[in-house]
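Only one structure is covered here, and it is reproduced in the block below.
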Amino acid sequence: MTELTLEHYLAVGTIMFAIGVIGFMARRNLIIMFLSTELMFQGIAIDLIAFGRYRLTSNPEVFFASQAFVIFVLVVAAAEAALALGLVVLLFRQKQTLDPQAWQELKN
Amino acid sequence: MNTTLAILAQNSAGAPDGATALINTALFYVFAAMAVGSAIGVMVSRNIVRTAVCLLMALLGVAGLYLGMHAEFLAAVQLVVYAGGTLVLIIFGVMLTNNSTFQLYRPKRLEVVVGSGLVAMLATVLITAILRSGMADRVVTSGNTYAIQTLGEALLGDYLVPFELISVLLLAVMIGAAYLAKGRRREGEGQ
Numbered sequence: 379m380t381e382l383t384l385e386h387y388l389a390v391g392t393i394m395f396a397i398g399v400i401g402f403m404a405r406r407n408l409i410i411m412f413l414s415t416e417l418m419f420q421g422i423a424i425d426l427i428a429f430g431r432y433r434l435t436s437n438p439e440v441f442f443a444s445q446a447f448v449i450f451v452l453v454v455a456a457a458e459a460a461l462a463l464g465l466v467v468l469l470f471r472q473k474q475t476l477d478p479q480a481w482q483e484l485k486n
Numbered sequence: 668m669n670t671t672l673a674i675l676a677q678n679s680a681g682a683p684d685g686a687t688a689l690i691n692t693a694l695f696y697v698f699a700a701m702a703v704g705s706a707i708g709v710m711v712s713r714n715i716v717r718t719a720v721c722l723l724m725a726l727l728g729v730a731g732l733y734l735g736m737h738a739e740f741l742a743a744v745q746l747v748v749y750a751g752g753t754l755v756l757i758i759f760g761v762m763l764t765n766n767s768t769f770q771l772y773r774p775k776r777l778e779v780v781v782g783s784g785l786v787a788m789l790a791t792v793l794i795t796a797i798l799r800s801g802m803a804d805r806v807v808t809s810g811n812t813y814a815i816q817t818l819g820e821a822l823l824g825d826y827l828v829p830f831e832l833i834s835v836l837l838l839a840v841m842i843g844a845a846y847l848a849k850g851r852r853r854e855g856e857g858q
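Protein chains in written order, with the numbering used here: chain A, 379 to 486; chain B, 668 to 858.
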């Protein structure tokens, strides 16, 4: 087996981000769309850490910078999760459905 | 070089570098397959509870990838914040918005077998790690704490301003979530 390189991790991160985007586009369920955004966050976080790790030998501070950045991303994601799920529950109570097409009255 | 099983490698009487690299590569593929496969599961699954479990597996896979990149603190944060916090929140959201899913859910024999197997594997790994680490005659602080210490210094040094800003954001979100919940309840009482 070959040595692990930056591309290995970038590939995983990119695939997860792509799956998140596809899920966000294709699914018609507010909760699953929200889970897809979480997948996108995870893909980006893997990429960030991989870049920082890649620069570890030449510039160690970049690795800690990337870790700090991902921690901030995680905090924002957690905050987003709290608010988004609260909103989803509120929307569900209004119309008893998770279909985002139920809230398209602003469209016309 | 990546040393994913740092504790095991350090204490298994000097495992050769080639073997460590091989293990790291194999673990990378295992965790990557776990993350990507579970992500696909999130996308295609019809049962929303199964979707949440798939997301949990994807998060665990990503945590394993963090370990492979020597970001141990992030792996721990990933497990605590996501698998512990956000996923519980998601399960609550599912429960509040979908009543029928849980009525349909019955554990099958296969699921029981798989769950027991996972627990047995986890127990084996934990016991092996504890046995090999020689924790009994070791001071807690003598481990590989350098990286996490440096990360803490970076967070409270170079990144102090964003660190404080993000705590303000958390406070705002807390107030906002409480406002959302409270406002809805009042509206409900008025109806």
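For every residue, glycine included, the Cβ atom is placed at its ideal position computed from N, Cα and C.
Can you say whether residue i is buried or exposed, counting buried as having 16 or more other CB atoms within 10 angstroms of its CB?
| i | result |
| --- | --- |
| glutamate 416 (chain A) | buried |
| asparagine 407 (chain A) | buried |
| alanine 443 (chain A) | buried |
| glycine 735 (chain B) | buried |
| alanine 706 (chain B) | buried |
| asparagine 437 (chain A) | exposed |
| threonine 714 (chain B) | For the sequence presented, residue 714 (chain B) should be read as asparagine rather than threonine. Per the 10 Å Cβ criterion, exposed. |
| leucine 798 (chain B) | exposed |
| glutamine 445 (chain A) | buried |
| leucine 727 (chain B) | buried |
| phenylalanine 695 (chain B) | buried |
| methionine 701 (chain B) | buried |
| methionine 710 (chain B) | buried |
| glycine 751 (chain B) | exposed |
| alanine 680 (chain B) | Caution applies to alanine 680 (chain B), whose pLDDT of 38 falls short of 50 and renders its modelled position unreliable; the value that the coordinates give is listed next. The residue in question, alanine 680 (chain B), is exposed, as its Cβ has fewer than 16 Cβ neighbours within 10 Å. |
| alanine 460 (chain A) | buried |
| tyrosine 387 (chain A) | buried |
| alanine 730 (chain B) | buried |
| leucine 832 (chain B) | exposed |
| isoleucine 397 (chain A) | buried |
| valine 761 (chain B) | buried |
| isoleucine 842 (chain B) | exposed |
| alanine 719 (chain B) | buried |
| valine 840 (chain B) | buried |
Quick check: the Cα distance between residue i and residue j, rounded to an integer number of angstroms?
| i | j | result |
| --- | --- | --- |
| glutamine 402 (chain A) | methionine 411 (chain A) | Looking at the sequence shown, residue 402 (chain A) is not glutamine but phenylalanine. If I take the Cα positions, the gap works out to 5 Å. |
| valine 440 (chain A) | arginine 431 (chain A) | 8 Å |
| valine 480 (chain A) | glutamine 474 (chain A) | For the sequence presented, residue 480 (chain A) should be read as alanine rather than valine. About 10 Å. |
| threonine 812 (chain B) | histidine 737 (chain B) | Confidence at threonine 812 (chain B) is low in this model, with a pLDDT of 46, below 50, so its placement is unreliable and the value that follows should be read with caution. Approximately 12 Å, taken between the alpha carbons. |
| phenylalanine 470 (chain A) | glutamate 458 (chain A) | 18 Å |
| serine 783 (chain B) | valine 792 (chain B) | 14 Å |
| glutamate 739 (chain B) | alanine 848 (chain B) | 36 Å |
| alanine 462 (chain A) | glutamine 482 (chain A) | 18 Å |
| alanine 845 (chain B) | glycine 464 (chain A) | 9 Å |
| leucine 382 (chain A) | isoleucine 794 (chain B) | 28 Å |
| leucine 818 (chain B) | tyrosine 749 (chain B) | 20 Å |
| arginine 433 (chain A) | alanine 699 (chain B) | 21 Å |
| arginine 776 (chain B) | phenylalanine 830 (chain B) | 47 Å |
| glutamine 745 (chain B) | leucine 822 (chain B) | 17 Å |
| isoleucine 400 (chain A) | proline 478 (chain A) | 16 Å |
| leucine 384 (chain A) | leucine 754 (chain B) | 29 Å |
| glycine 704 (chain B) | tyrosine 826 (chain B) | 35 Å |
| tyrosine 733 (chain B) | alanine 743 (chain B) | 9 Å |
| valine 467 (chain A) | threonine 764 (chain B) | 6 Å |
| leucine 756 (chain B) | cysteine 721 (chain B) | 15 Å |
| isoleucine 427 (chain A) | arginine 717 (chain B) | 29 Å |
| glutamine 472 (chain A) | serine 414 (chain A) | 23 Å |
| glutamate 778 (chain B) | isoleucine 690 (chain B) | 28 Å |
| leucine 789 (chain B) | alanine 725 (chain B) | 17 Å |
| serine 712 (chain B) | valine 828 (chain B) | 41 Å |
| phenylalanine 447 (chain A) | leucine 741 (chain B) | 11 Å |
| alanine 796 (chain B) | threonine 687 (chain B) | 16 Å |
| alanine 693 (chain B) | leucine 785 (chain B) | 19 Å |
| glutamine 816 (chain B) | phenylalanine 450 (chain A) | 18 Å |
| glutamate 820 (chain B) | aspartate 425 (chain A) | 23 Å |
| leucine 476 (chain A) | isoleucine 409 (chain A) | 7 Å |
| leucine 787 (chain B) | glycine 708 (chain B) | Per the sequence shown, residue 787 (chain B) should be read as alanine rather than leucine. If you take the alpha carbons of alanine 787 (chain B) and glycine 708 (chain B), they lie about 24 Å apart. |
| lysine 429 (chain A) | leucine 723 (chain B) | Lysine is not the amino acid found at residue 429 (chain A); the sequence shown has phenylalanine there. Using only the alpha carbons, I get a separation of about 25 Å. |
| valine 697 (chain B) | valine 747 (chain B) | 21 Å |
| alanine 404 (chain A) | isoleucine 758 (chain B) | 22 Å |
Residue i CB to nearest chain C CB: under 8 Å?
| i | result |
| --- | --- |
| isoleucine 758 (chain B) | Annotation note: the requested chain C is absent from the structure, which comprises protein chains A and B. |
On the three-pair Cβ rule with 8 Å, is the region 831–845 of chain B touching the region 449–462 of chain A? Enough Cβ pairs lie closer than 8 Å, so yes.
Touch check for the region 418–425 of chain A and the region 385–398 of chain A: three-plus C-beta pairs under 8 Å? Flag = yes, the region 418–425 of chain A and the region 385–398 of chain A touch.
In chain order, what are the residue ranges of uninterrupted beta strand (DSSP E) at least 3 long that sit wholly in the region 717–804 of chain B? Runs of the beta strand (DSSP E) inside the region 717–804 of chain B: none found.
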